[in-house]
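Residue numbers (my numbering), protein chains in the order written: chain A, 1 to 302; chain B, 1001 to 1228.
Below you can see the structure in the form of structure tokens.
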């Protein structure tokens, strides 16, 4: 295509944007909604994955002591645990220390602890596991051995949660593509219908262009460009919506769940996901237009 | 320049629109296609600019087989043909100047260059001062001249006109024919489908008559002899 023809395409896109402004706004809005729903799933998935990564990095077992264990007994339990080959190091957390740690974790929300006795939390051991023993079954086996030690009331390890949450992340990932796929197919056809309306509005013009020898590319290019533009604008609008949603969550999540809110930092989409949303928008718009255009022109030519 | 070999066109569930037509049209000829409604005049024109494909037979345009062209080839063919229709086919939302320039821009002429050429053509066709008017503000004859300007802007080898005077009063029809005659002086080949016998008698140098899809007469006025 020559430069003069590219300029011609540009002029036609500009004309169409003005003439069929509401048509374009509606399509971009529809695409923004689909991409927003898809983006919410990405946001959820990314945050869960971040959470999991944080937990997974610190494979650690918490062994809570019975309330009646004396400090010398606690010391001998610590030495016993320390002697286990899988254990890297052990830290004793007294009831007072546990209380202080919890207050720190709650931060501004620590007022909720007012009125509770300082020894309400049990003393415990934080057991760091050596790297070769950090796989699920090995941690599980170590935890069951620790549970059998006299004086230990309960054993918890994040690996358990990591595995459970991994399943949730997987489910979110599947839901994202299945629901996203359905939405994208619907959007694809909505874009197609809008293009058909635009084609009908400019049928005469296309017919004349064909009669004077315009190439197929020149006839199709403005519509495809318009579709791509609509898709990119739709993607941009969905990102704006997601940013507002993210700000809303940041504010309201803390209020609704003060305990989790202070411990979990919600993150916005990473640059890859932002680019993904924009590219999906662009492709949906462009392909939807092209598909509808080809069908329309084929039927028209008979 | 144009050769038709045993061309037949049949539309589905219809009797044949054209039956076994063979003819040759040379460069620079002014040909009238005539015959009653349904004789096949429009179909023959449509076959020449590949709006339709023949059911049988071959059509050569400037030694190129029109029946074997792909989409790209059809676009290239049409850039060498100027088309004029009875209903003008002008875009009402564009100005007269834009309507004419559009045909040049789609084949790659710059906006500026196309406007200069469109101005010149419109002036030559007596439409000076109408550049910025919308087609619906013009008379039928003026609209037809705009359509002729559009047909000429890409310097076509061939101009096909389908009932170009059908919607015009006699004065306007005469005026349009004079424009065609002037066009002929530049060496452009003209094929005009019409059943206006007055005009055919006055201006036709070669008259091809069709009836029920068949070629019934092919007469050249200069020699008075039948064309081969």
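Glycine included, each C-beta is placed from N, C-alpha and C at the ideal position.
Which of the three DSSP states is assigned to residue 1151 of chain B in this structure?
helix
Would you mind stating whether residue 231 of chain A and residue 292 of chain A have Cβ atoms separated by less than 9 Å?
no
Does the beta carbon of residue 203 of chain A come closer than 9 Å to any beta carbon on chain B?
no
So residue 8 of chain A contacts chain B; which residues on that side make the cut at Cβ distance below 8 Å?
1105, 1106, 1111
Would you mind reading off the limits of the beta strand (DSSP E) that contains residue 1061 of chain B?
1056–1061
Measuring only the C-alpha atoms, how far is residue 1225 of chain B from residue 221 of chain A?
Per-residue confidence for residue 1225 of chain B stands at a pLDDT of 44, beneath the threshold of 50, marking its modelled position as unreliable; no derived number is given.
Drop a sphere of 10 angstroms on the beta-carbon of residue 1154 of chain B, count the other beta-carbons inside from all chains shown, and report buried for 16 or more, exposed for fewer.
buried
My assumption, with CB atoms under 8 Å, is that residue 123 of chain A sits in contact with residue 94 of chain A. Please give the rounded CB distance.
5 Å
Does any CB atom of chain B fall closer than 9 Å to the CB of residue 46 of chain A?
no
Proximal chain B residues relative to residue 224 of chain A, where beta-carbon distance stays under 9 Å:
Residues of chain B passing the Cβ test: none, with the nearest at roughly 16 Å.
Pull up the CB-CB distance for residue 1100 of chain B and residue 1133 of chain B, whole angstroms please, since I reckon it's below 8 Å.
12 Å between Cβ atoms; not a contact.
Using a cut-off of 9 Å between C-beta atoms, extract the partners of residue 213 of chain A located in chain B.
1074, 1075, 1076, 1077, 1078, 1079, 1080, 1081, 1103, 1106, 1107, 1154
Return the bridge partner residues of residue 1209 of chain B from the DSSP annotation.
B/1034, B/1217
Pull up the distance between the alpha-carbon of residue 226 of chain A and that of residue 286 of chain A, whole angstroms please.
8 Å
Under 8 Å: do the region 1144–1163 of chain B and the region 1073–1087 of chain B share three or more Cβ pairs, one atom per stretch?
yes
Return the chain-ordered list of same chain residues with a C-beta closer than 7 Å to the C-beta of residue 1042 of chain B, the five sequence neighbours on each side being excluded.
1162, 1193
Quick test of the definition: if touching needs 3 or more C-beta pairs under 8 Å, does the region 1005–1021 of chain B touch the region 1052–1065 of chain B?
yes
Can you list the residues of chain A that residue 1229 of chain B reaches, using a CB-CB cut of under 7 Å?
Lying outside 1001 to 1228, the shown extent of chain B, residue 1229 of chain B is not represented and no answer is given.
Whole angstroms is fine: what's the gap from residue 1006 of chain B's alpha carbon to residue 1033 of chain B's?
17 Å
Can you tell me where the beta strand (DSSP E) with residue 320 of chain A in it begins and where it stops?
Within the shown structure, residues of chain A are numbered from 1 to 302, placing residue 320 of chain A beyond reach of any answer.
Residue environment, residue 1 of chain A, which counts as buried when at least 16 other CB atoms sit within 10 Å
exposed
Can you tell which of B/1010, B/1024, B/1013 has its C-alpha closest to the C-alpha of residue 1206 of chain B?
B/1024
So, is the C-beta of residue 1043 of chain B closer than 9 Å to a C-beta in chain E?
Absent from the structure: chain E. Protein chains present are A and B.
Neighbourhood of residue 1228 of chain B by C-beta, 6 Å cutoff - its chain only, sequence neighbours within 5 removed
For residue 1228 of chain B, the predicted structure reports a pLDDT of 47, less than 50, and the residue's modelled location is therefore unreliable. A value from the coordinates is still provided. Closer than 6 Å at the Cβ level, and outside the excluded window around residue 1228 of chain B, lies no residue.
When the Cβ atoms of the region 273–284 of chain A are set against those of the region 1172–1180 of chain B, are three or more pairs found closer than 8 Å?
no
With 16 as the cutoff for other CB atoms within 10 Å, does residue 1173 of chain B come out buried or exposed?
buried
I'd like to confirm the pairing. Which residues does DSSP put opposite residue 64 of chain A in its beta bridges?
A/124, A/154
Reduced DSSP category for residue 1223 of chain B - H, G, I as helix; E, B as strand; rest coil
Here the model assigns residue 1223 of chain B a pLDDT of 42, short of 50, so the residue's position is not dependable, and the following value carries that caveat. Coil at residue 1223 of chain B, not helix or strand.
With three or more beta-carbon pairs closer than 8 Å as the criterion, would you say the region 232–239 of chain A touches the region 30–46 of chain A?
yes
With 9 Å set as the bound, which would you pick, yes or no: does the beta-carbon of residue 1150 of chain B sit closer than that to a beta-carbon of chain A?
yes
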